[in-house]
Amino acid sequence: MSKVKVGPRPARHTHHRHSTGDSGQVMGPSWGPSIRKQPPTPIADLINQSVGASTTPAKHTRKNMQAKPRKDPPKDTWKRRTRHMIKYSKASTCGRIYLYSMLTAIVLDFIHMVLETLDGPANGGSDPTYPYLPTEQTYFACEVAFTVLFSADFLVKCLVARIQRKFWTQFVTWMDLLAVLPLFGSLFMQYVLGWSAETRLPINQYLELLQLFRVVRVAYMLRNVDGMRVLRITFTECLAPLQITLFFLVMIVMIFATMLYYAEPCYDDRTCPFKDIFNAGFFVMATVSTTGYGDQVPSTDNVVAVLITCAVMIFGSLYLAMPLAIIGIKYERNWRRFINYSRTTRSIVELKDDLRSTTIESVNGDANRVNLQYFQLTTEVAHLVGLVQDYLSVPPDEIFSGQSSQALNDLLARLHRTSRHVITRYRIIVAEMKVFRPHTKKLPTRPTKIKRMFSLRSLVLKLLLWAKDVVQGDHAGIASESHLPHQFDRPLRKHLRHVLHITDAHHSYGLNRFFLVNVILSLLVFYAETTPELQTYGPQSYLCHGAMQTYCASATMESDPGCFIWASANTTSSPPARLQFDCFISSASPAATTASSSIVNATSSPCFAAGWNFGSASSQLDCTSSFASPDKICNLRQCQRGHTPLVDMTTHWLYFEAYFGVIFTIEFALRLYAAKHRRRFLRSPSTWVDMAAILPFYAEGIVAATVTTSSSVYAIVSTFPTFFSILPMMKSLRLFKLGRHFKSTSVLTRTARLTYRRLAIHLFFLFMASVLTATLFYEIERGIECHAHVPCFWHQRWDVMTKDIAAPFPPGKRIQVQQDRLTLLTDMWRTMWLSASTLTTVGYGDLKPRAPLGRLFDIVVIVFGCCYIAMPLSVVGSQFHACYEEFLRKSAKVDVENDDEDDSNAKSSGATAASSTDNPSQQVLLSVEDNEMLKKCSMLLLLVDEMMQHMYKINLLSPTAASLNVMPHHVGIHKAEVRAKVTPLERFSADSIMIKRRQSITGPTNNVVPVATMAGPRQNQRKGSLVATTEARMKRFKELQHLVQVGSTHLTVHHASARGVSYEAGVQMVMLQLTRVLEKVVVPVEGAFQDDERFEF
5 MSKVKVGPRP ARHTHHRHST GDSGQVMGPS WGPSIRKQPP TPIADLINQS
55 VGASTTPAKH TRKNMQAKPR KDPPKDTWKR RTRHMIKYSK ASTCGRIYLY
105 SMLTAIVLDF IHMVLETLDG PANGGSDPTY PYLPTEQTYF ACEVAFTVLF
155 SADFLVKCLV ARIQRKFWTQ FVTWMDLLAV LPLFGSLFMQ YVLGWSAETR
205 LPINQYLELL QLFRVVRVAY MLRNVDGMRV LRITFTECLA PLQITLFFLV
255 MIVMIFATML YYAEPCYDDR TCPFKDIFNA GFFVMATVST TGYGDQVPST
305 DNVVAVLITC AVMIFGSLYL AMPLAIIGIK YERNWRRFIN YSRTTRSIVE
355 LKDDLRSTTI ESVNGDANRV NLQYFQLTTE VAHLVGLVQD YLSVPPDEIF
405 SGQSSQALND LLARLHRTSR HVITRYRIIV AEMKVFRPHT KKLPTRPTKI
455 KRMFSLRSLV LKLLLWAKDV VQGDHAGIAS ESHLPHQFDR PLRKHLRHVL
505 HITDAHHSYG LNRFFLVNVI LSLLVFYAET TPELQTYGPQ SYLCHGAMQT
555 YCASATMESD PGCFIWASAN TTSSPPARLQ FDCFISSASP AATTASSSIV
605 NATSSPCFAA GWNFGSASSQ LDCTSSFASP DKICNLRQCQ RGHTPLVDMT
655 THWLYFEAYF GVIFTIEFAL RLYAAKHRRR FLRSPSTWVD MAAILPFYAE
705 GIVAATVTTS SSVYAIVSTF PTFFSILPMM KSLRLFKLGR HFKSTSVLTR
755 TARLTYRRLA IHLFFLFMAS VLTATLFYEI ERGIECHAHV PCFWHQRWDV
805 MTKDIAAPFP PGKRIQVQQD RLTLLTDMWR TMWLSASTLT TVGYGDLKPR
855 APLGRLFDIV VIVFGCCYIA MPLSVVGSQF HACYEEFLRK SAKVDVENDD
905 EDDSNAKSSG ATAASSTDNP SQQVLLSVED NEMLKKCSML LLLVDEMMQH
955 MYKINLLSPT AASLNVMPHH VGIHKAEVRA KVTPLERFSA DSIMIKRRQS
1005 ITGPTNNVVP VATMAGPRQN QRKGSLVATT EARMKRFKEL QHLVQVGSTH
1055 LTVHHASARG VSYEAGVQMV MLQLTRVLEK VVVPVEGAFQ DDERFEF
């Protein structure tokens, strides 16, 4: 079996062109068994797929599998044919008939279920809405027919099942069984148990819900359809990114719902749109999804609520871009993969099966980079040796005569570049090998505070060690702390910071999940505190007393006499005194609230809802004339009698708030203690969010303890807002605490940071479009101005002031009339609201144009809004998808680095691996001998340097020689000085002739400059300054040729002819020594890099 090492991709790689679309991969075998002979897909796609899927060694290769004797095919029985027809329905005619027949029966059964719910003769009654529907007997006959059909199908599947245990453990089996139970259960209760129709009715209503499994069965029957497979895979791939968008959706809905709940207080339970935060959240969700039912709409007279709703419209339009982009791109990619797979030939599928038998082994990231650089080094060295041989193969006469001087100069330039590449590759390898070289000295740790001898950490460790010694029977004392876990080696503060900030680590999972659960529960409790079903209402309730006390705080006797004490039914107390709201608070049960006169006699009392005061049963005060704001007081829902809550939690929220307040205070204290820079921690926005989240608990508790005599009431009502009643809104900031538990929220932050500039332009023009369309709507729909009960003529023809129009208004009231009705769009504020809801495609329906011209213009606005919203949607969607893909790449990289860090930590704590072959992903440190051998390999720099010096001197023998363009201060190198900081090719021997030649270069800046191009009177002197005669040149050429060949031999080849050269023993066969060292850290392919006597490239 062959083995392939898979590691991180190199930085530079070759791009291939595939026909698979954006993804570059071919779908796996889950697309289906059918293979059509179509044009094949690229083999690289199948290789990518097999490498990505096969991460474990295969048990047998294809060769071994073919060697085994094949089993005889199963017998062709009726059970096998029936089972095959049911499982592969589209493979035969009978199977298709079965499939379409069952699908038709399921659809008809669903229609039967819908018709049963309509008001027809079967449901009884004297005047059915749909008298032409079937009767109860007809419905029962249809139900019997469908039940018999589905029961027969279930029995056939049970009979032909090959393995009964597997059949009964499948979910689809129980789904089919439950789908046929309703009829049998009803018949059993009627004829066996003898129950009456009234007794069976509530049970039958629940049993009929089991029929929905028949509809769910459609998805299972269509599981092999191509489109359903694409949808299933798309849904699976979209789960992770959709969690990010879900988090953003929850934040938008809950924050804006809280703002709307406080901006639109509910005074009258019959007319208020938002009774609690959950109702406000439903409205925000309908707005974000651009549904806009219109049953809940903020009052256009409330400016704050309208502005908040406009912000919800804009954020909702931008939010939809993120899930739409993810789902659309994923679906398109998966569909292209399916198309490419459907065109795959059978031969490529067999090749893919062969590739699956290949063992895939992971390689350490550092080792993989060294491996890649090593192979590039060998390529460059082989190229360098080949160029040297080509240059030395030129006859000396051609060099001396200068016949091919241009070709030789070009060859020397290539030699110069290749030698620089060799040295660069070697230095990269040396730098990458530093992580594998053993450290003789322990690196100094970061200076920390002096550890106290009797610190809490040391005492706890000593106590643990003492307990361990006692249990094991060793009373010798504490010997050392080396056996404790590695996490105790760091200081307590640093360890706590590590636990609190790395939420996905195994040692911090429990604590962070505990804080996460408490944040979610605290938010749910906060929203439940606003629910009327968990609050007690009535004149004697805490909430009624609190609301009336807030209202009457600034009341006067002339404007609000109901806020003062009444001595009798018609007279107030003398002097007038305000009511007291904390002296008469009883259990606000229905009995107490309806019989308050029996609790307190109808005499003068200073308490609210007692005696003759407002709110009591004996009070004779008229609410409309007793208060300046009767619309808020007379129907105040907290003071209405007859409200019965599901559970009275008004005074019990205190315990929940106390628990969450303590938990969040402890969390804040731990984060403050563990902070590395506490001043910076206190200045960070997240710290202020944490403090603001727990501030309401302490503020309300302090106020209740110091100002009032009653206990704290954490039930929330938004009426008559004050500072302390609005303060609980800060609890919604706990939503931001969820961000620290989900690292993927950084995708949202990065998307917002990269798109806000472009979105600002779109939003500005959206505002301008709203203003323009609002102006035109107002001019078209405003009608004419009239005064109530005064004749008003439309176009000076007919009087539009009818009695029905003028009846609700006092005489002379200014009103606007449009034809025969009151105008809806009476001002530009309302037309702005209409334009915003139309351009964002929400459309609540509370305001709409009436005139034909207004509706025609509205069509234009709708089309423009749909087209205009597409631009910011595309910006946000594409940027979110790009940021998410980048987040996945960074997460994968961080996971790899964490794995490498865990491996190194395991080594440092004493954990040793069996071998590098068994676990190649672990780092292996070099031994002392290998480290010394690696140091000797640095002679490669000197060898290449001297080879290039000799090649340059050979080139000087030509009358038209080339000159290396290097700086004068780089001249000079010794054999014993081999450093990685200065390029050896830029340092040659300190020969005076070479120095003069380099100093005389003033022309081009290329690495190689022909001598013939140099101008000046000293050119002839430089030509003859090296040698004088032809014999001397030939002798010099042979000497230099021998030195170059010896250097090349020591670089690549090891044989007897190289042993007589005066070099160190470590210089011989440098590349072989380097290969032997690298074998210790890189897992080699079996059979490669054997210890041969000759190693050639």
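Take the sequence shown: its position 532, counted from the start at 1, is 536 in my numbering, and no numbers get skipped.
Each residue gets a CB set at the ideal place from its N, CA and C atoms; glycine is no exception.
Examine chain C for any beta-carbon lying closer than 8 Å to the beta-carbon of residue i, and answer yes or no.
{"i": "ALA581", "result": "Included in the structure is just one protein chain, with no chain C present."}
What separation, rounded to the nearest whole angstrom, lies between the Cα atoms of residue i and residue j?
{"i": "ALA840", "j": "GLU889", "result": "34 Å"}
{"i": "VAL254", "j": "THR806", "result": "50 Å"}
{"i": "SER321", "j": "VAL846", "result": "9 Å"}
{"i": "GLU436", "j": "THR422", "result": "21 Å"}
{"i": "PRO689", "j": "LYS735", "result": "16 Å"}
{"i": "ARG1121", "j": "VAL775", "result": "This structure cannot speak to residue 1121, because the chain is shown only from 5 to 1101."}
{"i": "ALA1069", "j": "VAL1048", "result": "A caution first: ALA1069 carries a pLDDT of 40, below 50, which makes its placement in the model unreliable, though a value can still be read off. Taking the straight line joining both Cα atoms gives about 18 Å."}
{"i": "PRO829", "j": "VAL301", "result": "The residue asked about is misnamed: residue 829 is Leu in this sequence, not Pro. Computed Cα separation, rounded: 16 Å."}
{"i": "ASP652", "j": "PHE192", "result": "42 Å"}
{"i": "PHE727", "j": "LYS636", "result": "19 Å"}
{"i": "LEU929", "j": "ALA371", "result": "11 Å"}
{"i": "ALA165", "j": "SER293", "result": "46 Å"}
{"i": "ASP131", "j": "GLY124", "result": "9 Å"}
{"i": "ILE873", "j": "GLY566", "result": "53 Å"}
{"i": "GLN377", "j": "GLU384", "result": "10 Å"}
For residue i, list the residues DSSP reports as bridge partners.
{"i": "GLN822", "result": "ARG825"}
{"i": "THR1040", "result": "The sequence given here has Arg at residue 1040, not Thr. None, per the DSSP bridge assignment."}
{"i": "PHE797", "result": "ASP803"}
{"i": "GLU789", "result": "GLN820"}
{"i": "ASP272", "result": "LEU640"}
Using the three-state DSSP reduction, which class does residue i fall into: helix, strand or coil?
{"i": "GLN174", "result": "coil"}
{"i": "CYS242", "result": "helix"}
{"i": "PHE724", "result": "coil"}
{"i": "CYS611", "result": "strand"}
{"i": "GLN584", "result": "strand"}
{"i": "ASP280", "result": "coil"}
{"i": "ASP131", "result": "coil"}
{"i": "VAL1085", "result": "coil"}
{"i": "GLN141", "result": "helix"}
{"i": "PRO495", "result": "coil"}
{"i": "VAL389", "result": "helix"}
{"i": "ALA941", "result": "As written in the sequence, residue 941 is Cys, which differs from the Ala given in the question. Note: CYS941 maps to coil in three-state DSSP."}
{"i": "HIS681", "result": "coil"}
Let me confirm a value: residue i is counted as buried when at least 16 other C-beta atoms fall within 10 Å, else exposed. Which label applies?
{"i": "ARG818", "result": "exposed"}
{"i": "GLY285", "result": "buried"}
{"i": "GLN410", "result": "exposed"}
{"i": "ARG684", "result": "exposed"}
{"i": "ASP949", "result": "buried"}
{"i": "CYS941", "result": "buried"}
{"i": "PHE4", "result": "Outside the shown range of the chain (5 to 1101) lies residue 4, about which nothing can therefore be said."}
{"i": "TYR184", "result": "Tyr is not the amino acid found at residue 184; the sequence shown has Val there. Looking at its Cβ environment, which holds 16 or more other Cβ atoms inside 10 Å, VAL184 is buried."}
{"i": "ILE784", "result": "buried"}
{"i": "ASN574", "result": "exposed"}
{"i": "GLN247", "result": "exposed"}
{"i": "SER912", "result": "Residue confidence is low: SER912 scores 46 on pLDDT, short of 50, so the model does not pin down where it sits. No coordinate-derived value is stated."}
**Request:** Scan the region 526-575 and note each continuous alpha helix (DSSP H) run of 4 residues or more that stays entirely inside, going in chain order.
**Result:** Within the region 526-575, the complete alpha helix (DSSP H) runs of at least 4 residues are 546-555.
**Item:** Contained beta strand (DSSP E) runs [length at least 3] in the region 622-666, N- to C-terminal order
**Value:** none
**Request:** Run through the region 806-880 for me and flag every whole beta strand (DSSP E) of 3 or more residues, listed as ranges in chain order.
**Result:** Qualifying beta strand (DSSP E) stretches, in chain order: 818-822.
**Item:** 4 or more residues per run - each alpha helix (DSSP H) lying fully within the region 283-346
**Value:** Secondary structure within the region 283-346: the alpha helix (DSSP H) runs of 4 or more consecutive residues, fully enclosed, are 307-346 (chain order).
**Request:** Can you check the region 151-208 for any alpha helix (DSSP H) of at least 4 residues that lies completely inside it and give the ranges in chain order?
**Result:** Taking only runs of at least 4 residues, the alpha helix (DSSP H) segments lying wholly in the region 151-208 are 168-172, 175-183, 185-191.
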